[in-house]
Amino acid sequence: MGLLTILKKMKRKEREMRLLMLGLDNAGKTTIMKKFNGEDVSTISPTLGFNIKTLEHRGFKLNIWDVGGQKSLRSYWRNYFESTDGLVWVVDSADKLRLEDCRRELSALLLEERLAGATLLVFANKQDLPGALSKDAIREALALDDIKTHHWCIIGCSAMTGENLLTGVDWLLDDIAAQIFTAD
Amino acid sequence: MEAVVGAETGSQNRNGEMDVSGAVKIPERLLRREQERQEEVERRREAMESQSVTEEKVDYFSSTFGAERAAIEALLSGVWDADSSRAAQLLEEVSSRTQQLRKFLNDSMAFLTKYECRQAQAALQRLQSSLDEKRQQVLPKKKFNFKARSAAATRTKGVPLPEKAGPLESKPDAKGGADVGIQVVDGGGNSCGFSSAHAQVLTKDPEDIHQRDVLLTHLTGCTVKLLGTPATLHIKDVRDSEVLCGPVSGSVFVDRCSGCTLAFPCQQLRTHNTTDTRVYLHVTSRAIVEDCSGVSFAPFSWSYEGMDAHFEASGLDRGKNNWDKVDDFNWLAADTPSPNWSIIPEAERRTTWD
Numbered sequence: 349m350g351l352l353t354i355l356k357k358m359k360r361k362e363r364e365m366r367l368l369m370l371g372l373d374n375a376g377k378t379t380i381m382k383k384f385n386g387e388d389v390s391t392i393s394p395t396l397g398f399n400i401k402t403l404e405h406r407g408f409k410l411n412i413w414d415v416g417g418q419k420s421l422r423s424y425w426r427n428y429f430e431s432t433d434g435l436v437w438v439v440d441s442a443d444k445l446r447l448e449d450c451r452r453e454l455s456a457l458l459l460e461e462r463l464a465g466a467t468l469l470v471f472a473n474k475q476d477l478p479g480a481l482s483k484d485a486i487r488e489a490l491a492l493d494d495i496k497t498h499h500w501c502i503i504g505c506s507a508m509t510g511e512n513l514l515t516g517v518d519w520l521l522d523d524i525a526a527q528i529f530t531a532d
Numbered sequence: 002m003e004a005v006v007g008a009e010t011g012s013q014n015r016n017g018e019m020d021v022s023g024a025v026k027i028p029e030r031l032l033r034r035e036q037e038r039q040e041e042v043e044r045r046r047e048a049m050e051s052q053s054v055t056e057e058k059v060d061y062f063s064s065t066f067g068a069e070r071a072a073i074e075a076l077l078s079g080v081w082d083a084d085s086s087r088a089a090q091l092l093e094e095v096s097s098r099t100q101q102l103r104k105f106l107n108d109s110m111a112f113l114t115k116y117e118c119r120q121a122q123a124a125l126q127r128l129q130s131s132l133d134e135k136r137q138q139v140l141p142k143k144k145f146n147f148k149a150r151s152a153a154a155t156r157t158k159g160v161p162l163p164e165k166a167g168p169l170e171s172k173p174d175a176k177g178g179a180d181v182g183i184q185v186v187d188g189g190g191n192s193c194g195f196s197s198a199h200a201q202v203l204t205k206d207p208e209d210i211h212q213r214d215v216l217l218t219h220l221t222g223c224t225v226k227l228l229g230t231p232a233t234l235h236i237k238d239v240r241d242s243e244v245l246c247g248p249v250s251g252s253v254f255v256d257r258c259s260g261c262t263l264a265f266p267c268q269q270l271r272t273h274n275t276t277d278t279r280v281y282l283h284v285t286s287r288a289i290v291e292d293c294s295g296v297s298f299a300p301f302s303w304s305y306e307g308m309d310a311h312f313e314a315s316g317l318d319r320g321k322n323n324w325d326k327v328d329d330f331n332w333l334a335a336d337t338p339s340p341n342w343s344i345i346p347e348a349e350r351r352t353t354w355d
């Protein structure tokens, strides 16, 4: 308990959080990150490897890790698990064909010990597309209601328009802050 | 050892007539030696123990891993005899146990040798692929279904799988083609397309596909023309066919295709598990290949009436084409080019389409 207290105190002092953004390829992870940071999103290519961004938001320093989602990169996801405060799972709401893949990958992640303490935010992305499933349909398809091991929340958003990105990140920050920064 | 003997004899000799100061001095030095000796012994013992612990871990790993693998395999082979609801349950269990096994391997990686790691990974890979195979055989229907499409899904049952349909006599000029096997997927929602067709010419008009998700699956020897601007285009399990499509605003997915010629403008192209396919491409961000071989690229050169207006409508930048900047996710070396894709030499590029 002593060590945990020290760690908590250190984190509180730095007000720093580490967010890991994962999901299948073409979910829109990089687009979300760039949009959130106010960058151009029209020329994004499939991520070969990963991107890191550090940004300030509401007085917190956020380290956001965006790791490529191609099948051949997924085995490397585990290298990024360590000391993750928040897991952002991004779903392409218009990609109905791979929802089952999506559910499987997510449930595998939630078994990971090193992600045990992380808060889960699910972004049902691409809500601007006419064929997108609602966030409730995604919630059902991913069986989110069965998750008992993590704090979670699903938010419908659009990385292209920026809709609801802030809402999602704010919820995530509040939840993490409540866990890390509350009085011990 | 000597020190001990020395200490014993020393104390014996002095047993009778030792003075106080001597009794304190000598044993002190000897005691220190004795202590050092014991520490050395302790150190050796610990070294040996840690050695055996590693061995035990490895033993433990290989026996546990082997036992669990055998159990999963047994479970998997039982799937055949079970009825479909039970089979689904079994498959679910198999998949979750496989997942746990994979995690167990990952956690054990630290103390395993490279060889053992590779062996275990290969075993897991085999397990996963036989699981996938079983799943395909036993439960061809996706678990997740859409209400709007359920009508189309029930229709699928009567249609023979293309693998089986392949050797059958082809009916290129069958008039009632649509009844024979082609399934025109138009199951509400936002998706439409063609599925399960053989040697047909299939066309979609602009109003049919404008800003919708177009899906082409299980086609062999077909020519598909999509004269419009879909939001996304999925081409899956298509063989020896030609697919020509107008500007796609978003992504194009190509999965498990072979022997095809494809032509389209799009924002992103993702090509998976595809072999021996030529792509005439206009892409404004990037194209990628993954688990592919023999995929070759050339600039988009097809055109149709009204394409210019469609380019406008799709929002694609006509002046920017990265058709030759392809990322291969299975080839991360930057200094040598990937052997999995190539550029079609100019002389061999196709110039006439109709």
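Top to bottom, those sequences are chains V and Y.
The opening position of the first sequence corresponds to residue 349 in this note's numbering, with each subsequent residue numbered one higher.
The opening position of the second sequence corresponds to residue 2 in this note's numbering, with each subsequent residue numbered one higher.
Cβ atoms here follow ideal geometry from the backbone N, Cα and C, with glycine treated the same way.
Counting the other Cβ atoms within 10 Å of the Cβ of tryptophan 81 of chain Y gives fewer than 16, which makes it exposed. Positions of the beta strand (DSSP E) runs, each at least 3 residues long and wholly inside the stretch 358-403 of chain V, are given as 364-370 in order along the chain. Less than 9 Å divides the Cβ of arginine 366 of chain V from the Cβ of tryptophan 413 of chain V.
Proximity of arginine 350 of chain Y to chain V, defined by a Cβ-Cβ separation below 9 Å, is not satisfied. Taking 9 Å as the cut-off, the Cβ atoms of leucine 227 of chain Y and valine 244 of chain Y count as close. DSSP, read as helix, strand or coil, puts tryptophan 342 of chain Y in strand.
Taking 8 Å as the upper bound for CB-CB distance, glycine 434 of chain V and leucine 469 of chain V are in contact here, some 6 Å apart. Approximately 6 Å separates the beta-carbon atoms of glycine 417 of chain V and lysine 377 of chain V; this is inside 8 Å, confirming the contact.
For glutamate 117 of chain Y, the nearest beta carbon of chain V is not closer than 9 Å to its own beta carbon. One alpha carbon belongs to phenylalanine 62 of chain Y, the other to cysteine 118 of chain Y, and they sit about 11 Å apart. Residues of the stretch 366-384 of chain V that bring their beta carbon within less than 7 Å of a beta carbon in chain Y comprise Asp373 and Asn374, in sequence order. Under the Cβ criterion of 9 Å, glutamine 212 of chain Y is counted among the residues facing chain V. Among the CB atoms of chain V, one or more fall inside 9 Å of the CB of alanine 232 of chain Y. Annotation for glutamate 448 of chain V: the continuous alpha helix (DSSP H) segment containing it runs 447-458. Asparagine 473 of chain V and threonine 509 of chain V have their C-alpha atoms roughly 11 Å apart. Below the 7 Å Cβ cutoff, chain V contributes Leu445 as neighbours of histidine 235 of chain Y, in chain order. The beta-carbon of arginine 426 of chain V is placed less than 9 Å from the nearest beta-carbon of chain Y. Between the beta-carbon of glycine 251 of chain Y and that of alanine 264 of chain Y there is about 17 Å, and that puts the pair past the 8 Å contact cut. Within 10 angstroms of the beta-carbon of tyrosine 116 of chain Y lie fewer than 16 other beta-carbons, which makes it exposed. Listed as beta-bridge partners of tyrosine 281 of chain Y by DSSP are Y:Ala264 and Y:Ala299. Of the candidates Y:His311, Y:Ser294, Y:Gly316 and Y:Ser304, Y:Ser294 places its Cα closest to the Cα of isoleucine 344 of chain Y. Across the structure, aspartate 449 of chain V and valine 202 of chain Y are spaced so that their CA atoms are roughly 32 Å apart. With contacts defined by Cβ atoms closer than 9 Å, proline 266 of chain Y and phenylalanine 301 of chain Y form a contacting pair.
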